[in-house]
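The block underneath contains the structure these notes are about, expressed in structure tokens.
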Amino acid sequence: MSRHTKKHCAQIVLALDCHYMPMVEISRRKALKAMATGRAHALDLKTWSKLGLQDVASQPFHAVVFSKARAVAESKLGFGRGNASILRRDEHRCQYVGCMRRATTVDHVIPRCQGGPSTWANLVACCRECNARKGGRTPEQAGMQLRSAVRSQRALLLERFHVLAGV
Ligand SMILES: [Zn+2]
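With the first letter of the sequence shown counted as 1, position 14 gets the number 9 in my numbering; the numbers rise by one all the way through.
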């Protein structure tokens, strides 16, 4: 991973609600935009003090508080949501070739820090070890290979259809 990507990776900001309840992870750019429009302020996690736009303009920050927001139900939090369905789809098997471990995490095939979306097609079941080894790299960059192409939602629907139809 290049230094640039690493720096970029670190600039994911945790969005908190008015009770400091984490809601979702957002990009630094989005966080700055929310601050500029007065919807949020950055939070210094060491001192719990409020930081203004000028305080964080040239330095990294990790949390931003949306003082008017209320976190949605826990089941809908930005992290964890949908992981169960990805794990179920991949039958809790780590999707990287040569690995026989049980998958307990979900990996972004194209990592978030390189612009990979949190979509069904970019997420695979992955064991903790492979996930840590891969880090913020693509499978190619990490020298790892996926067992098979990620099955799309439609492909799964078709599979189910075939099972139901007995073809
Ligand atoms: Zn694995």
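Backbone N, C-alpha and C define an ideal beta-carbon position, used for all residues, glycine too.
Boundaries of the beta strand (DSSP E) in which residue i is found, first to last residue
i: residue 44; result: 44 to 46
i: residue 120; result: 118 to 121
i: residue 137; result: Per DSSP, residue 137 belongs to no beta strand (DSSP E); it is in the alpha helix (DSSP H), 134 to 137.
i: residue 103; result: 100 to 103
i: residue 60; result: 58 to 60
DSSP-derived helix/strand/coil call for residue i
i: residue 51; result: helix
i: residue 31; result: helix
i: residue 11; result: strand
i: residue 142; result: coil
i: residue 6; result: coil
i: residue 65; result: coil
i: residue 24; result: helix
i: residue 97; result: strand
Residue i versus residue j - alpha carbon distance
i: residue 60; j: residue 93; result: 43 Å
i: residue 134; j: residue 14; result: 38 Å
i: residue 27; j: residue 48; result: 7 Å
i: residue 128; j: residue 143; result: 19 Å
i: residue 33; j: residue 21; result: 16 Å
i: residue 56; j: residue 30; result: 12 Å
i: residue 98; j: residue 141; result: 13 Å
i: residue 103; j: residue 58; result: 22 Å
i: residue 109; j: residue 132; result: 8 Å
i: residue 124; j: residue 89; result: 10 Å
i: residue 24; j: residue 96; result: 37 Å
Buried versus exposed call for residue i [16 or more other C-beta atoms within 10 Å across all chains shown]
i: residue 91; result: buried
i: residue 63; result: exposed
i: residue 79; result: exposed
i: residue 106; result: buried
i: residue 52; result: exposed
i: residue 139; result: buried
Residue i: first and last residue of the uninterrupted alpha helix (DSSP H) it sits in
i: residue 38; result: First-last for residue 38: 36 to 39, but that is the beta strand (DSSP E), not the alpha helix (DSSP H).
i: residue 79; result: 78 to 84
- Validate contact between the segment 35 to 50 and the segment 76 to 87 using beta carbons, cut 8 Å, 3 pairs: no
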